[in-house]
Every structure is written in structure tokens, then in C-alpha cells.
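>
Residue numbers (my numbering): 9 to 361.
#1: So if DSSP puts residue 279 in a beta bridge, which residue, or which two residues, is it bridged to?
#2: Output yes or no for whether 9 Å exceeds the beta carbon distance between residue 254 and residue 282.
#3: If you scan the segment 22-64 from start to end, which runs of the beta strand (DSSP E) of 3 or more residues do you find wholly inside it?
#4: Do the segment 100-118 and the segment 235-249 make contact, defined as three or more Cβ pairs closer than 8 Å?
#5: The beta strand (DSSP E) that contains residue 247, what's its start and end?
#6: Which residues in the same chain have their Cβ closer than 7 Å to the Cβ of residue 46, if we skip the five residues on either side of it in sequence?
#7: Count Cβ pairs between the segment 304-322 and the segment 132-143 that sit closer than 8 Å; are there 3 or more?
#8: Hey, quick one: how far does the alpha helix (DSSP H) through residue 258 stretch, first residue to last?
#9: For residue 74 versus residue 51, is the C-beta spacing smaller than 9 Å?
#10: Can you tell me which residues form a DSSP beta bridge with residue 125?
#11: Assign residue 279 to buried or exposed, taking buried as 16 or more other Cβ atoms, counted over all protein chains shown, within 10 Å of its Cβ.
#12: For residue 76, which residues of its own chain have a beta-carbon under 7 Å away from its beta-carbon, when the five flanking residues on both sides are left out?
#13: Measuring only the C-alpha atoms, how far is residue 232 from residue 162?
#14: Using 8 Å as the threshold, is the segment 287-305 in touch with the segment 115-129, meaning 3 or more CB pairs across them?
#15: Taking the Cβ atom as the reference point for each residue, do residue 229 and residue 250 lie within a distance shorter than 9 Å?
#16: For residue 297, which residues from the same chain have a beta carbon less than 7 Å from its beta carbon, with the 5 sequence-adjacent residues on both sides left out?
#17: Where do the ends of the beta strand (DSSP E) carrying residue 176 lie?
#18: Nearest by alpha-carbon distance to residue 318: which of 139, 247, 164, 154 is it?
#19: Cα-Cα, which of 39, 159, 215, 67 is closest to residue 91?
#20: Taking the alpha carbon of residue 71 as the reference point, which residue from 54, 108, 213, 235 has its own alpha carbon closest?
#21: Please state the DSSP three-state secondary structure of residue 316.
#22: Residue ranges of each beta strand (DSSP E) run of no fewer than 3 residues wholly in the segment 143-173, ordered along the chain?
#23: Could you please give the first and the last residue of the uninterrupted beta strand (DSSP E) stretch that includes residue 234?
#24: Tell me whether the beta-carbon of residue 305 lies closer than 9 Å to the beta-carbon of residue 145.
#25: In whole angstroms, what is the alpha-carbon distance linking residue 27 and residue 84?
#26: Can you grab the Cα-Cα spacing for the pair residue 274 / residue 160, in whole Å?
#27: Is the beta carbon of residue 248 closer than 9 Å to that of residue 177?
#28: Across which residues does DSSP place residue 273 in a beta bridge pair?
#29: Determine the contact status of residue 235 and residue 158, defining contact as a CB-CB distance below 9 Å.
#30: Can you tell me where the beta strand (DSSP E) with residue 310 in it begins and where it stops?
#31: Output the distance between the C-alpha atoms of residue 183 and residue 238, rounded to the nearest integer angstrom.
#32: Take the Cβ of residue 342 as the centre, count every other Cβ of all protein chains shown within 10 Å, and call the residue buried at 16 or more, exposed below.
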């Protein structure tokens with residue numbers, strides 16, 4: 009027992025990191041040392057801070073992991089970021105994936121800045137989604153709620169408009185909601201449709217000066233409209249976003265995608281686990297993956313619970329529902345097999361006639 013302890017102790021080494029800038033060290037520690045305490049809980053190695061020096065003690069591999077984490081966090085602060093508990097957790101999650109993309113590059117990729125607020129990807133999946141929008145004419149962003157599918161697409165649209173890469177932005181949604189029909193809602197047609205489009209207006213207000221939005225909409229530079237209004241049009245030099253695409257039928261999806269004109273880009277977003285179409289109706293978003301998966305210049309970006317940027321419980325809720333759906337599907341499959349087995353054996357055994 010003593011020999012084992014001695015062997016383990018001998019395997020532990022020390023790694024020292026000097027931080028010359030006091031402001032960076034303060035950022036690494038966090039308010040009331042909350043970030044340092046989080047890092048200590050996450051890392052296997054022991055971490056000790058004195059003055060401008062961080063001492064890491066542990067196995068060589070564990071120290072290497074700790075050193076890489078501190079290197080990324082230091083680079084984030086050098087680029088002007090104020091570290092948060094959330095940023096540290098996301099950095100650790102990216103490092104655990106061991107991919108070519110570095111967390112400091114992902115978390116400092118600015119898309120838009122307005123009034124001190126910067127919009128950027130917060131996860132590796134989001135960064136790859138944003139890159140795909142740059143590199144492809146049609147991109148499908150598919151994933152659960154809270155993964156930033158629509159918000160990041162909107163930011164890329166405003167960025168393209170500001171850079172004069174397109175002359176207008178077109179935002180559209182199918183007018184479908186769970187348990188409600190437009191005809192039963194009060195008000196005029198515009199008043200009935202407005203609640204379905206409100207999330208798109210809200211995102212626009214985050215990205216543009218609110219006073220400029222009515223002017224841009226009046227000029228046709230920005231258009232927010234139900235999907236039905238797209239029929240029969242050819243959309244040139246436009247950045248077009250179809251949101252809540254899981255609620256399109258296959259026919260509507262085909263109609264929308266064939267509106268693509270010269271100099272245009274399309275982003276389609278949706279969550280295939282939240283389809284609100286009437287029973288038995290296929291989702292156009294589910295079908296289109298099979299139809300276009302081998303078409304060049306079309307990209308399907310799959311986001312997951314690890315890309316959720318809302319409250320941490322949202323990611324856990326998404327995972328819990330996924331497990332429940334998988335269990336239900338397995339039970340349904342087993343029931344079908346059981347019924348088929350009874351049928352093959354000629355019905356119930358020892359049945360009286």
C-alpha cells in the first residue's frame with residue numbers, strides 16, 4: 009500500500025504558468041474566485057495560485073490538459089473577453105471533443121456588434137453552422153430549441169446586408185401552431201399571422217437600430233412574411249430564412265427551395281422533434297434530408313443538446329425527451345413483433361371453440 013502511494017506520488021509533476029498582466033490574472037480568478045473554484049473542480053490536477061504564478065500539480069497528462077485550458081482562457085482574456093462560468097464550461101466541453109478548432113477561436117468569432125453587444129457562436133456546433141452558411145448556398149440548421157439556429161442565421165443575414173453581399177433579407181415561417189387554427193383566432197388576417205412572426209421581429213430588434221426597421225421594411229429591404237406569400241416568386245440577391253421548417257409539408261418545402269434566385273442564399277431552420285402538423289402529415293424538413301443529402305452546395309448542419317445556449321436545464325430537458333422518445337419507439341417495435349409472433353403461431357394457444 010505504501011509502495012503504491014509512493015509510486016503515485018513519484019508520478020506527479022509540477023507545471024508553472026506565469027501571467028504577466030495582473031488584469032488577466034484577475035479575470036482568470038473571477039469574482040470572489042468563482043472561476044478558479046470551478047476550474048479546481050473540473051481539473052484532476054491540483055491548482056495553486058500565488059501572485060502572478062499558477063502552479064499545477066498532477067500526472068503529466070492531467071497537467072497537459074490543465075495547461076491547455078489555462079492557455080485558452082488566457083487567450084480569451086487577451087482578446088478582450090471577460091471570463092464567465094459559462095465560457096469556462098464551454099471551453100472545457102470543446103477541449104474534451106479534441107477537435108482541430110480551438111475554443112479561443114470559436115468564442116471570439118464576431119458576427120455582429122451593436123451598442124456594445126456582440127453576436128458570436130458559443131459552441132463548436134454553432135461555429136461549424138456559421139461556417140457552413142458562409143460556404144454553401146443552401147444550409148439546413150436542424151436541432152432542438154435553444155441552439156441558436158434562427159438567431160445566428162439572422163445575424164449572418166444582417167451581416168450580409170450590411171456588407172452589401174445581398175440587397176434584401178426575407179424572413180418567413182409557416183403559419184402553423186400546435187392546437188390552434190388561424191381561422192379560430194380573433195382579428196384580421198395580419199393580426200392572426202403576427203404572433204407567428206413575432207420571434208423574427210424580436211431578433212431583428214437585437215441586431216438593428218429599432219427606428220431603422222420600419223424604414224427598411226417599407227423599402228422592401230427587409231421582408232417578414234408567412235410562407236404562403238413566397239409562392240410564384242423568384243428571389244434574387246436575397247438572404248432568405250425559413251424558420252420553423254418542421255411545420256412545412258414536403259410540397260411547401262419544394263415550393264420554397266425553388267424560389268432561389270441568382271445571388272441568393274437560403275437558410276432553413278427547424279426542430280424535427282417538434283412537428284405541429286395535423287396527424288399523418290409528413291414534415292417537409294424530415295423528407296428533404298433524404299432528397300437533397302447528396303446535392304452539392306447544400307449542407308445539413310446538425311445541432312444537439314450540447315449546443316443549447318439557454319439555461320442548462322434546457323439541454324437536460326432535450327436529452328430527457330430524446331431518451332423517452334427512443335424508449336417509446338422501442339416499446340412500439342417490440343409490441344409489433346409480439347403481435348406478429350402470435351399471428352404466425354395461429355392465434356391464442358389452447359383456445360376453446
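Think of the CB as a built atom: it goes at the ideal place given N, C-alpha and C, for glycine as much as any other residue.
Considering the structure as presented:
#1: Answer by DSSP bridge pairing: none, since residue 279 is not bridged.
#2: yes
#3: 54-58
#4: no
#5: 246-250
#6: 93, 96
#7: yes
#8: 258-265
#9: yes
#10: 122
#11: buried
#12: 103
#13: 12 Å
#14: no
#15: no
#16: 308
#17: 176-181
#18: 154
#19: 39
#20: 54
#21: coil
#22: 146-150
#23: 230-234
#24: yes
#25: 13 Å
#26: 13 Å
#27: yes
#28: 247
#29: no
#30: 306-310
#31: 13 Å
#32: exposed
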